[in-house]
Amino acid sequence: MPRNRPHPLALFSLVPENDRARAVVDHPENSHLVSHILDDQAPRGNNSRGLNIGVFIGSKSRYTLATIGRCGDITVEGAGISRIHCSFEINEDNQKEIMLQDRSSNKSTQFFGNTAIPFELGRTHRHVVVDENVNLQFGFGGVTCDLHRFRIVWHEPGRLMPNLHVDYREDNPRQTRTVLDEPPTIAPSRRITRVHTPGNPERIRYSKRVKLGSGAFGEVWKVANVDSGDYLAVKLVQRPDLLSHNHVLLKREVETLSRISHRNVIEYRSASWAGEHFEIFMEFKPGNVESLIRRDLFINQRPAADAFLHQMLQALDYLASESIIHRDVKPENILYSPMPDGGLLYQLADFGLANIVADARTFAGSRLYMAPELENSPDSPQTPKMDVWSLFVTLAYALNGASFRQKPLHTTPLRIKAIQEAANEFRPLRDMAHVDPRERATAGDMLDRLFAGEGRTTRRNPIRAAAISPDEPGPSGERVEQERKRARRVEQRPQRAQREVRDVAAVRGRREQRPGGRVLGLASVQKHARQGEPRQSEPRFPGAFPGM
């Protein structure tokens, strides 16, 4: 007798739509999976019966929900049916998306109906996502792939996938489960990623998951790649007129993004027209820096602020090397993802306002983070130093330097005053906050001064090498205090100080290294100097904040 209701761990059920499919439901070897289900599409007064699919099925592969075929978890008989004809798989990376994989030798599995995003010829692998919105009807067997037709009925749409434990599994009555069955023995369910090569990439087909943001430009969505199950972010831009200036700018933006590649810049996957929208696909990240600021991460963990500053300086320096101005650096546009070592990888995103240096003359950006030259003279030539100003304001906001968040910031003079007060508190970073862009440091300059040039892309300009006064108060921290003490000793030895000043231009950017290639700490550099070894220039501040 079938269950009165679906199995508690059933995610969905397969409801038959033709006689051959009903014969599969009635097959005695499938009886343990059959239940009555609530089905809005069933005729009035009738209860639908279906095959329950979930993690409780005793499939041999960890990431396989159920196999269908002559020798599958769901038995289907017939000469045109493979031993394992198709299977429902869980995406191994996110363990949330479910995919139907066609394993038949004659490729006779397909989707139907107005929700279908079917298997496509020419794709390397025949597996696609199924969810409550797409691919709700499928069939298999025969030339037209419809000898057996089923409809997928979801029981709790949006429910999180249960943890994949063997304890959930229930054995098929005709199979005996052993310890040796735990490793995958049917077919590997791990997805195989294709090699990304330049040229004409495969069109990305997707199913929407969550809206991440919206504005005058359009919308940003978290989506599932239907052909891989991976998550992406897609920016949907309203289609401009073909001959409009906006069309030219959009085309130039995409061409620019296609040629940049850096660890701390979000990776753009592809871009294409789709109806009335232009779609820009990029890697999906779990959050942005604004969410970390709300948790006071950088205030409570100053080493995190050092890592953030270092990575964002590298991103801005790389963009400067490509003559690109981002023009909207702010916490919401800096994404993060966890790394295996427990740290965070920060990546600059949202290049909707980015521009080539030679063309950048328009008003753009968020006012709180906007460089003063853009507010005062929006038609004047712009430089990548605008982004350096915005990064400093981001840090002042993140660390609440000089009570930055509590101050009135509704006018340009008040904003500049608050930023200068924050710069007085974070003196190692003060050159990022010069109102005059001619006096403002570049991202490369700050990498040299704070991080011994590590991660710098642009060429060094020794003329711009600058020293930070040893008497200026800076952020607390052991390494910064060591630097201040060293500077005082230098003041007491004028001849040595003069010699260091003469040498700084020649040795700027070189690093004292251990055999493994890592930059030596300040104490180690001083030790080598005392021993009379040739001494290279160490950064004036190994980190801008304690703990670096």
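With the UniProt record's numbering applied, the sequence shown corresponds to residues 1 to 548, in that order.
A virtual CB, placed ideally from N, CA and C, is assigned to each residue, including glycine.
This one's a predicted model, so the numbers in the text were calculated from it and none came from an experiment.
- In the DSSP assignment, TRP273 forms a beta bridge with PHE278.
- Looking only at TRP273, SER261, ASP230, ALA233, the smallest Cα-Cα distance to LYS251 is reached by TRP273.
- The distance from the Cβ of ILE204 to that of SER291 is about 26 Å, inconsistent with a contact at the 8 Å cut-off.
- For ILE53, same chain residues with a beta-carbon under 7 Å away, outside a window of 5 residues either side, are ALA10, LEU11, PHE12, SER13, LEU14, LEU65, ALA66, PHE88 in chain order.
- Put simply, the stretch 227 to 241 does not touch the stretch 149 to 157. Fewer than three CB pairs are less than 8 Å apart.
- Residue burial is scored here from C-beta neighbours: VAL143 has fewer than 16 other C-beta atoms within 10 angstroms and is therefore classed as exposed.
- ILE324 is the residue among PHE426, ALA349, ILE324, LEU409 whose C-alpha sits nearest the C-alpha of MET386.
- A Cβ-Cβ distance of about 7 Å is found for the pair ALA305 and LEU395, placing them in contact under the 8 Å criterion.
- Relative to LEU236, the option among VAL223, SER48, ASP40, THR75 whose CA is nearest is VAL223.
- Secondary structure remark: continuous alpha helix (DSSP H) runs of at least 4 residues inside the stretch 56 to 120: none found.
- Bounds of the alpha helix (DSSP H) holding LYS385 are 385 to 399.
- The straight-line gap separating the alpha-carbon atoms of ALA233 and LEU391 is approximately 24 Å.
- Ranked by how close their Cα comes to the Cα of GLU97, the residues VAL129, PRO8, TYR346 have VAL129 in first place.
- Apart from sequence neighbours up to five positions away, the residues of its chain that approach TYR369 with a beta-carbon distance below 6 Å are LYS330, SER390, VAL393, ordered along the chain.
- Shortest Cα-Cα distance from ILE90 to any of ASP296, SER228, PHE140, GLY455 involves SER228.
- For ALA305, the uninterrupted alpha helix (DSSP H) run begins and ends at 302 to 321, by DSSP.
- According to DSSP, GLY215 shares a beta bridge with GLY218.
- Residues PHE112, GLY113, ARG151 of the same chain have their beta carbon placed closer than 6 Å to that of GLN137, with the five preceding and five following residues left out of the count.
- Non-local beta-carbon contacts of GLY72 in its own chain, meaning distances under 8 Å to residues more than five positions away in sequence, involve ALA66, ARG83, ILE84, HIS85, SER87 in chain order.
- Between ALA398 and ILE266 the beta-carbon gap is near 19 Å, outside 8 Å, which marks them as no contact.
- Contact annotation: the stretch 330 to 345 touches the stretch 278 to 287, with at least three C-beta pairs closer than 8 Å.
- ARG259 and GLY139 have their C-alpha atoms spaced approximately 43 Å apart.
- Membership of LYS235 in the beta strand (DSSP E) is indicated by the continuous run 231 to 238.
- Using a Cβ-Cβ distance cut-off of 8 Å, the stretch 307 to 316 and the stretch 453 to 460 are in contact, since at least three pairs of beta carbons, one from each stretch, lie closer than that value.
- Out of SER366, GLY401, GLU373, the CA that lies nearest to the CA of PHE298 is found in GLY401.
- If you look at ALA418, you'll find it isn't in any beta strand (DSSP E); it sits in the alpha helix (DSSP H) that goes 412 to 425.
- Collapsing the DSSP output to three states places GLY444 in a helix.
- Looking only at VAL76, TRP221, ALA315, ARG126, the smallest Cα-Cα distance to ASP19 is reached by VAL76.
- Per DSSP, the continuous beta strand (DSSP E) segment holding ILE53 begins and ends at 48 to 54.
- Cβ contact annotation for SER35 (same chain, cutoff 8 Å, sequence separation greater than five): PRO2, ARG3, ASN4, ARG5, PRO6, HIS7, ALA10, SER13, ARG49, GLY50, ASN52, in chain order.
- Collapsing the DSSP output to three states places ALA23 in a helix.
- Here the alpha carbons of GLU219 and ALA23 stand approximately 46 Å from one another.
- Rounded to whole angstroms, the Cβ separation of VAL254 and ILE280 is 7 Å, and the two are in contact under 8 Å.
- In the same chain as LEU414, and ignoring 5 residues on each side of it, the C-beta atoms closer than 8 Å to its own belong to LYS407, PRO408, in chain order.
- The continuous alpha helix (DSSP H) containing LEU292 extends over residues 289 to 294.
- In the DSSP assignment, LEU374 falls within the alpha helix (DSSP H) that extends over 372 to 376.
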